[in-house]
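One structure is given here, and the rest of the page talks about it.
In this note's numbering, the protein residues as written are 44 to 262.
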């Protein structure tokens, strides 16, 4: 493998305000993403990079986005791919302009070391929403049959009714990932003993699962 680049964001479908953001999940988790060091692999070496840095811009389906380093998104992938990939990184996706405002709050105003204050500011000023979308954009490149090859996966998952209950996109994606792994374990598609990493699941089996299908491209 040469590069594995993961770009993921939970975003409001109808962004408003300068931050262009609504709260859709744990505020504590959001603050951890913005403040804690971020694992990565660079030039084959495992290490940490600061959150909110390495800003980039991209477009998907005609919409402009930005992405930047955040903590925690790689899970156990650094353990799994160390020594097997040149570059591995994870960045959170937001609408353009969001990062600069957050960086001002976290760094310039030093709210990154006063997290309870930052939490109060965010929860007082930013409304929650169930009208959200989870954007996933993963690009992998490497050598196949002597040629440098790239494959990408892009998916937008929206809030939807599951059974008779309206679930936000972040609720759907979180529950689907956990339930699919449990379902596959019961079905004998995962190791029965020891710690099981999510990347140990075969992608085809995961996407064919009754819960994992929410991540399938045609769903």
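Ideal Cβ positions, reconstructed from N, Cα and C, are used throughout, including at glycine.
Entirely enclosed beta strand (DSSP E) segments - the segment 127 to 166, minimum 3 residues:
130 to 137
Helix, strand or coil for residue 175 per DSSP?
Of the three classes helix, strand and coil, the one that applies to residue 175 here is strand, per DSSP.
As a quick exercise: from 56, 242, 135, pick the residue whose alpha carbon is nearest that of residue 72.
135
Please report the distance separating the alpha-carbon of residue 260 from that of residue 59.
Each residue's CA atom was taken as its position, placing residue 260 and residue 59 some 28 Å apart.
With DSSP as the reference, label residue 75 as helix, strand or coil.
helix
Alpha carbon to alpha carbon, how far is residue 246 from residue 208?
28 Å
Per DSSP, which one or two residues make a beta bridge with residue 55?
175
Could you tell me the boundaries of the beta strand (DSSP E) in which residue 90 lies?
88 to 92
Backbone secondary structure at residue 273 - three-state DSSP:
In the structure displayed, the chain extends from 44 to 262; residue 273 sits before or after that span and is not available.
Given a cut-off of 8 Å on the beta-carbon distance, is the pair residue 223 and residue 212 in contact?
At the C-beta level, residue 223 and residue 212 stay beyond 8 Å of one another.
Over what stretch of residues does the beta strand (DSSP E) that includes residue 214 continue unbroken?
Unbroken run through residue 214 is the alpha helix (DSSP H), 212 to 229; no beta strand (DSSP E).
Apply the 10 Å Cβ neighbour rule to residue 55 and answer buried if 16 or more other Cβ atoms are within range, or exposed otherwise.
buried
Does residue 180 come out as helix, strand or coil in the three-state DSSP assignment?
strand
Just checking, does the segment 82 to 90 make contact with the segment 156 to 166 on the three C-beta pairs under 8 Å criterion?
Result no; under three Cβ-Cβ pairs closer than 8 Å.
Excluding five sequence neighbours on each side, which residues of the same chain lie with their C-beta closer than 8 Å to the C-beta of residue 124?
44, 47, 84, 131
Hey, would you say residue 95 sits closer than 8 Å to residue 111, going by beta carbons?
With a cutoff of 8 Å on beta-carbon distance, residue 95 and residue 111 are scored as near each other.
Here's a check: name, in chain order, each residue in its chain whose Cβ is nearer than 6 Å to the Cβ of residue 139, leaving out the five neighbours to either side.
107, 109
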